[in-house]
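As structure tokens, the structure follows; a few thoughts come after it.
Residue numbers (my numbering): 23 to 471.
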């Protein structure tokens with residue numbers, strides 16, 4: 023890899039045929055020890071010094087498998103042991119909350135002062151040497167009313183418009199924002215104490231830091247809002263807090279939207295500016311994704327209807343892979359020394375290796391495929407391929423909720439030592455989730471105050 027020290031790494035989806043032909047990496051970007059074209063099986067050394075044994079990463083997905091005190095469980099140990107055995111070169115955990123007052127799900131792990139680091143260490147040990155990075159995240163307004171009836175956001179008043187499941191948030195005060203920033207640093211330190219290899223600061227998919235980045239949500243006119251630099255301040259301060267709280271060898275990654283894919287939201291031009299800022303901070307890995315609960319491009323939904331300049335494509339989603347590949351190329355140009363991970367839509371080995379060979383992507387992120395097929399990385403590394411995932415003919419909002427809970431149910435089965443249940447109805451999964459969150463959330467609210 024050409025970058026062994028710290029520096030300062032969307033859009034239209036592509037088909038395999040439209041991906042660039044393989045070429046040697048001579049552009050100064052990260053590569054496999056300078057040996058030329060990278061392949062899925064090649065290792066990658068991050069600027070922190072962490073070595074990924076291959077280029078396949080398990081992207082973060084909410085597990086919702088903590089206990090009633092929001093501590094790691096044996097189910098999480100089994101889950102990460104299963105994913106590690108499946109062959110991925112990097113495991114990014116699902117949302118670890120930085121403050122138990124603000125949960126995304128009722129059974130998130132919370133990395134606050136009550137965290138039992140020995141239990142988190144057992145999850146790390148279950149991964150049997152596979153690098154593990156914890157995703158850190160406060161949800162902001164994007165938490166159901168069952169879990170938090172008084173959520174927070176950069177600006178108050180706008181609830182997430184989804185079937186009445188989300189309450190109107192109140193605006194965070196300056197001191198509260200500083201508390202959130204400090205919580206990122208403290209949580210990162212606890213993750214390092216537990217033996218994890220790094221953290222990922224979640225600034226995508228409509229959660230709190232993404233809300234700060236989006237002018238659709240962030241209407242502030244103080245130092246935390248306004249232009250891109252102001253809206254990016256919370257993210258940059260969170261990254262700095264993680265850096266200050268951990269050692270030089272501990273990786274700090276960021277997950278960033280290519281776009282919100284909605285009018286008046288966070289655009290590709292905004293995102294490119296933020297990438298340049300993150301490069302100056304020396305992030306160790308930048309994951310590119312996109313969308314929010316309102317415009318779930320991360321699921322391939324809504325892309326054809328997105329406005330001009332948003333990074334959306336006019337090609338039918340079903341015919342595409344790599345939803346955000348075009349923005350990954352822009353990110354490479356903006357931050358040539360930062361390793362880039364691309365997540366969203368990738369299913370075939372040919373597309374993955376073509377992206378790696380094209381030079382704009384260094385790591386392939388896979389989420390839902392590994393909830394259904396945890397051994398997929400090994401098969402890809404052995405020359406096999408992925409498969410099409412189930413899609414359901416449900417209304418967009420209900421369909422997104424049903425599909426999300428369907429995959430979360432599969433993750434839960436893996437955590438219990440079971441195989442995925444492909445015959446499960448998405449309606450049944452969604453109904454069980456809502457009922458469970460309602461009961462657990464109402465109980466939990468009383469204990470978290």
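Even glycine gets a Cβ: it sits at the ideal position worked out from N, Cα and C.
- Rounded to the nearest angstrom, the gap between the Cα atoms of residue 135 and residue 91 is 12 angstroms.
- Residue range 371-380 is occupied by the alpha helix (DSSP H) that includes residue 380, with no beta strand (DSSP E) assigned at that position.
- Under the DSSP assignment, residue 259 falls in the alpha helix (DSSP H) whose first and last residues are 255-267.
- Only residues of its own chain outside the window of five on either side were considered, and among them 94, 216 have a CB closer than 6 angstroms to the CB of residue 142, listed in chain order.
- Here residue 212 is not near residue 140, since their CB atoms are 9 angstroms or more apart.
- In the three-state DSSP reduction, residue 431 falls in the helix class (H, G or I).
- A distance below 7 angstroms between beta-carbons, with the five flanking residues on each side excluded, links residue 252 to the following residues of its chain, in chain order: 245, 246.
- The DSSP assignment places 154-158 as complete runs of the beta strand (DSSP E) inside the segment 127-175, in order along the chain (cut-off: 3 residues).
- In the three-state DSSP reduction, residue 119 falls in the strand class (E or B).
- Across the structure, residue 404 and residue 85 are spaced so that their CA atoms are roughly 28 angstroms apart.
- Close CB contacts of residue 193 within its chain, under the 6 angstroms cut and outside five residues either way in sequence, are with 177, 178 (chain order).
- Residue nearest to residue 375 within the set 402, 164, 389, 394 is 402 (criterion: CA-CA distance).
- Contact between the segment 264-283 and the segment 300-309 is present: three or more C-beta pairs spanning the two stretches fall below 8 angstroms.
- Comparing alpha-carbon positions, the option among 204, 377, 224, 363 lying closest to residue 267 turns out to be 204.
- Straight across, the Cα-Cα distance linking residue 293 with residue 280 is about 6 angstroms.
- If you draw a straight line from the Cα of residue 258 to the Cα of residue 445, it comes to about 44 angstroms.
- Just so you know, the alpha carbons of residue 442 and residue 396 end up roughly 9 angstroms apart.
- For residue 430 and residue 371, the gap between their C-alpha atoms comes out near 25 angstroms.
- Its Cα nearest to that of residue 147, the residue 101 stands out among 101, 243, 133, 158.
- Residue 384 counts as buried, since no fewer than 16 other beta carbons sit within 10 angstroms of its beta carbon.
- Where residue 388 is concerned, the enclosing beta strand (DSSP E) starts and stops at 385-388.
- Counting the other Cβ atoms within 10 Å of the Cβ of residue 197 gives fewer than 16, which makes it exposed.
- A direct Cα-Cα distance of roughly 10 angstroms separates residue 359 from residue 302.
- Distance from the CA of residue 123 to the CA of residue 368, rounded to the nearest whole angstrom, comes to 35 angstroms.
- Between residue 220 and residue 96, the CB-CB gap reaches or exceeds 9 angstroms.
- If the five residues before and after residue 406 are omitted, its C-beta is found closer than 8 angstroms to the C-beta atoms of 371, all from its own chain and listed in chain order.
- The three-state reading of DSSP puts residue 192 in strand, counting E and B together.
- Contact check for residue 173 against residue 119 fails: the beta carbons are separated by 9 angstroms or more.
- Residue 187 and residue 167 do touch by the CB rule: their CB atoms are close to 6 angstroms apart, below 8 angstroms.
- For residue 68, the secondary structure class from DSSP, reduced to helix, strand or coil, is coil.
- The beta carbon of residue 225 is closer than 7 angstroms to those of 231, 232, 235, 257, 276, 277, 278 in its chain, skipping five residues each way along the sequence.
- Residue state for residue 360 is assigned as coil, using DSSP reduced to three classes.
- When the beta-carbon positions are compared, residue 260 and residue 223 come within less than 9 angstroms of each other.
- Cβ neighbours of residue 435 within its own chain (closer than 8 angstroms, five residues either side excluded): 441, 442, 443.
- Residue 131 and residue 106 have their C-alpha atoms spaced approximately 20 angstroms apart.
- Out of 289, 80, 121, 240, the CA that lies nearest to the CA of residue 170 is found in 121.
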